[in-house]
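Asks:
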Amino acid sequence: MAEAFNEHFTNFAQVLAQEVPAAEVDPEFYLSYTDKAFCLKTPSLDVVFNLLRKIDEKKATGLDMIPNNELIDCELDTDLHALHYVFVPIINRALKQFQGAYNNHSLRTEHNWTPLMIWTNGILSSEHASETGVQDFYDRANQDINTESYGIDPDGPESNEFDLSDVTVPPTELNLNQQQTDLISLIDPLQPVNNYGRELYQRVREITRVQ
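Residue numbers (our numbering): 14 to 224.
1) Return helix, strand or coil for residue 120, following the three-state DSSP convention.
2) Can you tell which of 85, 134 and 122 has its C-alpha closest to the C-alpha of residue 40?
3) For the region 207 to 221 against the region 86 to 100, are there 3 or more C-beta pairs whose distance is under 8 Å?
4) Counting Cβ pairs, one atom from each stretch, are 3 or more of them under 8 Å apart for the region 38 to 58 and the region 181 to 190?
5) Can you tell me which of 24, 209 and 211 puts its alpha carbon nearest to the alpha carbon of residue 115?
6) Is the beta carbon of residue 203 less than 8 Å from the beta carbon of residue 103?
7) In the DSSP output, which residue or residues are listed as bridge partners for residue 126?
8) Look up residue 210 in the DSSP assignment and say whether it is helix, strand or coil.
9) Taking just the CA atoms, how far does residue 134 sit from residue 155?
10) Could you check how far apart the C-beta atoms of residue 31 and residue 119 are, in whole angstroms? I think they sit under 8 Å.
11) Which one of 101, 206, 44 and 138 has the shortest CA to CA distance from residue 181?
12) Report buried or exposed for residue 92, applying the criterion of at least 16 other Cβ atoms within 10 angstroms of its Cβ.
13) Check whether the Cβ atoms of residue 199 and residue 206 sit closer than 8 Å, and answer yes or no.
14) Could you tell me whether any non-hydrogen atom of the ligand FAD is closer than 7 Å to the CB of residue 85?
15) If you draw a straight line from the C-alpha of residue 127 to the C-alpha of residue 113, how long is it?
So this is what it looks like as structure tokens:
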């Protein structure tokens, strides 16, 4: 049943989109000319500080529903360990789901082809066989697809820190005893929960804080 619901809500948008007739009208065609303009005024520091002072730190301000005074102490490895253990798998799963949904959703401007279909067609098309990107993708020695080095130019310039898409989560220096390790291993971060992982985080943190 869960898989059926997941399949429905993952694909219903693109199914509906396929039923929408294609149009070649420029979106700006529907805009009317105007000589009016507006701008957003930059707030002063006093305004920002006043708003921050009104935030109730006993109430949650994010989707994790964890109040600020119950969140984490960034100076404690116990809290960071619990945070990483619970939320890194949850975030990675969400990114994979987004990637899969985006790569398989149809594009109206591309005749309802998906990004994955467009990419696959470009790789397999003979007219692109001589292009460097396609040649690099294939290992001519054994005709296997080489994904490890795809997109890497050994002769090109090095990327700066702002071009890197990877996020490195620093390890925590926490020595857990065997009982703590066994108890934490029983907590599955990806189990179905209704509070965005808050309860799981608090359970792991309680275990790691036990001396």
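Idealized CB from N, CA, C, for every residue including glycine.
Replies: Put simply:
1) Three-state result, residue 120: strand.
2) Closest by alpha carbon: 122.
3) The region 207 to 221 vs the region 86 to 100: in contact.
4) Inter-segment contact for the region 38 to 58 and the region 181 to 190 is absent: fewer than three beta-carbon pairs are separated by less than 8 Å.
5) Nearest C-alpha to residue 115 among 24, 209 and 211: 24.
6) The Cβ-Cβ distance between residue 203 and residue 103 falls below 8 Å.
7) As DSSP reads the structure, residue 126 sits in a beta bridge with 120.
8) Here residue 210 carries a coil assignment [DSSP, helix/strand/coil].
9) Confidence in residue 155 is poor, its pLDDT being 49 and thus under 50, which makes the residue's placement too unreliable to answer from.
10) Their Cβ separation, rounded to whole angstroms, is 6 Å, which keeps residue 31 and residue 119 in contact under 8 Å.
11) Each of 101, 206, 44 and 138 was checked against the Cα of residue 181, and the nearest Cα belongs to 101.
12) Around the beta-carbon of residue 92, 16 or more other beta-carbon atoms lie within 10 Å, marking it buried.
13) With respect to residue 206, residue 199 sits apart: the two C-beta atoms are not nearer than 8 Å.
14) Ligands in the displayed structure: none, and consequently the ligand FAD is not present.
15) Cα-Cα distance, rounded: 11 Å.
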